[in-house]
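Read through the structure below, which is laid out as structure tokens, and then see the notes.
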Ligand SMILES: Cc1ncc(COP(=O)(O)O)c(C=O)c1O
């Protein structure tokens, strides 16, 4: 799938994107495929599938725990790619992005990773501890688009440089810190998102910290969509294990509504 | 003698060959750029050099002596010179680095410093340095290590530092480092991350090496004075690798000086319980740098095991990775039992109780008695062993288990 074209078309149609993050293997490996389908049914425009890692230094307690639980259940990159491939066969219209740490990819080997990610139909790859300067270390034929990150303290010159990478979008880390829900997002977040969009020239999706649908309008007005990680993991953690897909759909619905209100022509 | 030195490596982006670099979230890029610029300016600034030198002399009583260990020398059949880093204030070489970084933190206008610590030696050195300059200090320490190292926890607290338990993962040094990085990402604007070894993203490995390089420069000069020649071999233990890099740096350009780094083999390199990262690890990315790591085939980081908390780390500084591949330094290992034996032996023979970490380097020398090259053997005695007495007593049930001297005589 051409992720750039897919995202631009959606944005052009006025849609604000909803991008849930799911840690592969959480809460257990057999739940991942049904959860991906539930997220697709619940209105996800794209899905970030997380690869569990032993030392997730960009993650807060909720996703650390999810990662650990998935690892203990035997999840790894290889199996995550297999699940992604099966999901793409079932739901080719919803792009899957892989999110993981550099060492998982390096351990698989860059040629093998690129080939397998390509075969699985992965649309993009996000690696928080691999800044663009180090992308050449994993570039190989077939590798899906790499996605850069920006943070509130990223200087304008850097935003411009990230924009020149011409990637399908820019992942805006809304807060200084690690993943995890924040009760209140600072008033400076929308200003940062606008700055990121203006100076990179790329579509911007905002992640880290989003906890509740009420936070969505202020963010979504300043960017092209939101990413939900820890909040989804929390919802799954407290859900009835017999109906995780139902819990995932119910969790997404109010976020989808909030985004659609912002995206609607009247706004 | 200058306090800081000039060398070609690392490259502008912080690479030693393929190792090092910066593998960090984007949020830390501005902070690392700021640190790099501040360090570059400081190292060329005579007032920084003067302040650092003054701290080294008056706060931690440098130069530390080079001690000819006569009875040990007789035992191993070679002149052994001990670089007495154990005589530093707070009991280990760690303070050389914390003094350098704390002065830099103050220059940069940071009001809070954070550190990671395993056994607590780096935490104690950071707490002392921060108290001296009146900076707020918080130390991340694994919950498991807090339990094992109560005395150092109390020392840190006494000097005004707050110890924050790291509850994630294995609750040891690796996890304390993860927590310190997470703390830094969150509080990057007012916080200085004071890393305790030659690890982490650029510029930490080069900066910490430069601050520790005083060990080798003093040793070189002292050896020439005491023995009339350079050492034939220089030996140091390797955890993250800061005392070893500090010792080796002055001798890298002396091809006749053999360099040996000794890692912790724990219960043995043929078991799953060791910390021999360079001996058995594979290159990968952890804590912001590319280097050798203990990892499984999926790239998950494995737990390290050593009797010595300071060597109990599944990574190692990137410059060591480079020096291993280039062959300039030989990396060997010593087991828990060998280290315990060396710990008892030096205490009994020389009246010096070495840190468990340093005991590994000595253990390698003992194992190679009779096969050592002719000429002085330089050993970095990185720290004193008082901190290890609890663990020693626990292991040996209050009786010497090894009869060390007898074993070797
Ligand atoms: C006395 C002593 N030696 C050695 C080490 C290992 O660190 P490095 O390899 O950075 O010198 C430590 C770490 O705590 C230590 O306390």
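Protein chains in written order, with our numbering: chain A, 10 to 276; chain B, 418 to 826.
Cβ atoms here follow ideal geometry from the backbone N, Cα and C, with glycine treated the same way.
Let me confirm a value: residue i is counted as buried when at least 16 other C-beta atoms fall within 10 Å, else exposed. Which label applies?
i, result
"residue 276(A)", "Its pLDDT being 45, under 50, residue 276(A) is placed unreliably by the model, and nothing is read from it."
"residue 595(B)", "buried"
"residue 222(A)", "buried"
"residue 112(A)", "buried"
"residue 188(A)", "buried"
"residue 567(B)", "exposed"
"residue 418(B)", "Only weak support exists for where residue 418(B) lies, its pLDDT of 48 falling under 50; the value from the coordinates is given anyway. Exposed, because fewer than 16 other Cβ atoms sit within 10 Å of the Cβ of residue 418(B)."
"residue 804(B)", "buried"
"residue 196(A)", "exposed"
"residue 746(B)", "buried"
"residue 157(A)", "buried"
"residue 678(B)", "buried"
"residue 165(A)", "exposed"
"residue 247(A)", "exposed"
"residue 673(B)", "exposed"
"residue 69(A)", "buried"
"residue 99(A)", "exposed"
"residue 837(B)", "The structure shown has nothing for residue 837(B), since chain B only spans 418 to 826."
"residue 758(B)", "buried"
Could you work out which residues of chain A lie near residue i, taking near to mean beta carbons separated by less than 8 Å?
i, result
"residue 598(B)", "66"
"residue 430(B)", "142"
"residue 591(B)", "64"
Give me the chain B residues within the contact set of residue i, using Cβ-Cβ distance strictly less than 7 Å, ordered along the chain.
i, result
"residue 6(A)", "Shown here, chain A extends from 10 to 276; a query on residue 6(A) therefore has no answer."
"residue 73(A)", "585"
"residue 85(A)", "715"
"residue 137(A)", "442"
"residue 215(A)", "Result: empty, since nearest Cβ-Cβ is about 14 Å, beyond 7 Å."
"residue 113(A)", "715 and 716"
What does residue i touch in chain B if you count any residue whose Cβ is under 8 Å from its own?
i, result
"residue 80(A)", "717"
"residue 175(A)", "Under the 8 Å cutoff, chain B gives no residues; its nearest Cβ is about 18 Å from residue 175(A)."
"residue 166(A)", "Neighbours of residue 166(A) on chain B: none; closest Cβ ~11 Å, over 8 Å."
Just list the residues that DSSP pairs residue i with in beta bridges.
i, result
"residue 219(A)", "According to DSSP, residue 219(A) bridges with nothing at all."
"residue 553(B)", "529(B)"
"residue 581(B)", "557(B)"
"residue 108(A)", "59(A) and 135(A)"
"residue 712(B)", "718(B)"
"residue 277(A)", "Outside the modelled stretch of chain A, which goes from 10 to 276, sits residue 277(A), for which no answer is possible."
"residue 654(B)", "679(B)"
"residue 700(B)", "709(B)"
"residue 743(B)", "Residue 743(B) is not bridged to any residue."
"residue 801(B)", "771(B)"
"residue 378(B)", "Because residue 378(B) is not part of the residues shown, which for chain B are 418 to 826, the question remains open."
Starting from the beta carbon of residue i, find every residue of chain B whose beta carbon is closer than 9 Å, and list them in chain order.
i, result
"residue 257(A)", "Under the 9 Å cutoff, chain B gives no residues; its nearest Cβ is about 26 Å from residue 257(A)."
"residue 116(A)", "699, 701, 712, 713, 714, 715, 716 and 717"
"residue 178(A)", "Under the 9 Å cutoff, chain B gives no residues; its nearest Cβ is about 14 Å from residue 178(A)."
Give me the chain A residues within the contact set of residue i, using Cβ-Cβ distance strictly less than 7 Å, ordered along the chain.
i, result
"residue 444(B)", "160, 162, 182 and 185"
"residue 438(B)", "143"
"residue 804(B)", "Within 7 Å Cβ-Cβ: nothing; residue 804(B) doesn't reach chain A, min ~27 Å."
Give me the chain A residues within the contact set of residue i, using Cβ-Cβ distance strictly less than 9 Å, ordered along the chain.
i, result
"residue 595(B)", "64, 65, 66 and 73"
"residue 447(B)", "160, 162, 163, 164 and 167"
Next item on the list: Evaluate contact between the stretch 37-51 of chain A and the stretch 79-98 of chain A, counting only Cβ atoms and requiring at least three cross-stretch pairs below 8 Å.
Entry: yes
Item checked: For ligand 1, residues whose Cβ lies under 7 Å from any non-hydrogen atom -> 509(B), 510(B), 511(B), 535(B), 536(B), 538(B), 539(B), 613(B), 614(B), 615(B), 654(B), 655(B), 656(B), 657(B), 658(B), 659(B), 660(B), 661(B), 726(B), 727(B), 728(B), 772(B), 774(B), 775(B), 799(B) and 800(B)
Margin query: Contact between the stretch 676-693 of chain B and the stretch 48-62 of chain A is defined here as three or more beta-carbon pairs at a separation below 8 Å; is this criterion met?
Written below: no
Next item on the list: State whether the stretch 711-720 of chain B contacts the stretch 253-267 of chain A, with contact taken as three or more CB pairs (one from each stretch) at a distance under 8 Å.
Entry: no
Item checked: Cβ pair count under 8 Å reaching 3, the stretch 491-498 of chain B against the stretch 446-453 of chain B -> no
Note to self: Check whether the stretch 127-141 of chain A and the stretch 75-82 of chain A touch, using three or more Cβ-Cβ pairs below 8 Å as the test.
What the structure shows: no
Note to self: Contact between the stretch 468-477 of chain B and the stretch 756-775 of chain B is defined here as three or more beta-carbon pairs at a separation below 8 Å; is this criterion met?
What the structure shows: no
Next item on the list: Please determine if the stretch 451-464 of chain B and the stretch 612-631 of chain B are in contact, where contact requires at least 3 C-beta pairs separated by less than 8 Å.
Entry: yes
Check: When the Cβ atoms of the stretch 694-702 of chain B are set against those of the stretch 60-68 of chain A, are three or more pairs found closer than 8 Å?
Finding: no
Checklist line | Touching by the beta-carbon criterion (3+ pairs, under 8 Å), the stretch 138-154 of chain A and the stretch 19-29 of chain A | finding: no
Checklist line | Meets three-Cβ-pair contact criterion under 8 Å: the stretch 530-538 of chain B and the stretch 557-577 of chain B | finding: yes
Check: At a cut of 8 Å, does the stretch 228-235 of chain A reach the stretch 204-213 of chain A through at least three beta carbon pairs?
Finding: yes
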